[in-house]
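Chemist:
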Amino acid sequence: MTIRYAAPFAAALACTVLAPTVGNAAGAFDGLAGYWSGSGRVQMSDGSAERIRCRASYAVGGGGRLMQQKLTCASDSYKFDISSNVEETGGRISGTWSEATRNVTGSVSGTVRGGGISAQVAGPGFNASLSVATRGASQSVTIVPQGNDVRQIAVSMKRR
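Read in order, the letters of the sequence shown correspond to residues 0 to 159 in numbering that gives the first Met the number 0.
1. Let me know if K61 comes out buried or exposed under the rule of 16 or more other beta-carbons within 10 Å of its beta-carbon.
2. Which residue's Cα is closest to the Cα of N84: T133, L70 and Q42?
3. In the DSSP output, which residue or residues are listed as bridge partners for S155?
4. Can you tell which of G94, M156, Q145 and Y34 has the C-alpha that lies nearest to the C-alpha of R134?
5. Classify D80 as helix, strand or coil using the three-state DSSP reduction.
6. Taking only three categories from DSSP, how would you classify G62?
7. What number of angstroms, rounded off, separates the C-alpha of G26 from the C-alpha of E87?
8. Could you check which residue in S137, V149 and Y34 has the C-alpha nearest to that of A58?
9. Could you name the residues of the same chain whose beta carbon sits closer than 8 Å to that of G115, not counting the 5 residues immediately before and after it, in chain order?
10. In whole angstroms, what is the alpha-carbon distance linking F79 and T95?
11. In the DSSP assignment, find the unbroken beta strand (DSSP E) run with T104 in it and report its ends.
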């Protein structure tokens with residue numbers, strides 16, 4: 000997978016794998032169970048942009064501290080089919096993901112604070128920093144890939 004394809008892939012993963020809950024009272028992922036969808040823009044370093052659309056389903060367990068997720072994202076140039084497992088312990092998140100069409104895997108790590116997440120998504124050939132904020136049934140995600148031709152990814156998701 001080239002860097003050009005890796006960064007939007009990481010962005011798509013980050014859009015839903017690390018979405019925080021509306022509140023963090025019982026478990027970090029309590030508010031995620033069910034279906035979410037949304038869209039956003041991938042901004043390239045050359046100034047071009049492309050729309051990306053995502054659908055996700057979440058199964059939450061372990062008192063809201065464990066999450067299994069299935070995600071499909073597509074743009075005019077990309078399609079991703081991702082499965083992930085993420086765990087929260089003491090305000091820290093960690094987990095793994097796999098992408099079926101490219102047969103790649105990676106890791107997720109970061110922190111949960113006040114309904115928001117700051118994290119790193121890593122995999123073969125890329126790293127990306129991301130921030131996620133949730134208000135009610137809406138969330139916004141900003142991803143900044145490191146060292147490639149994607150400048151920034153911004154996506155808005157809504158619970159369905």
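Cβ coordinates follow ideal geometry from the N, Cα and C atoms, glycine included.
Modeler: For this structure:
1. Lys is not the amino acid found at residue 61; the sequence shown has Gly there. G61 is exposed by the Cβ-count criterion.
2. Taking only the C-alpha atoms, the option nearest N84 is L70.
3. Answer is S38 and S139.
4. Per the Cα distances, M156.
5. Assignment of D80 by DSSP, reduced to helix, strand and coil, places it in the strand class.
6. Here G62 sits in helix by DSSP.
7. Each residue's Cα considered, the two are about 8 Å apart.
8. It is Y34 whose Cα lies nearest to the Cα of A58.
9. Excluding residues within five positions, the ones whose Cβ falls inside 8 Å are P19, S130, V131, A132 and T133.
10. The straight-line gap from Cα to Cα measures roughly 16 Å.
11. That run of the beta strand (DSSP E) goes V103 to R112.
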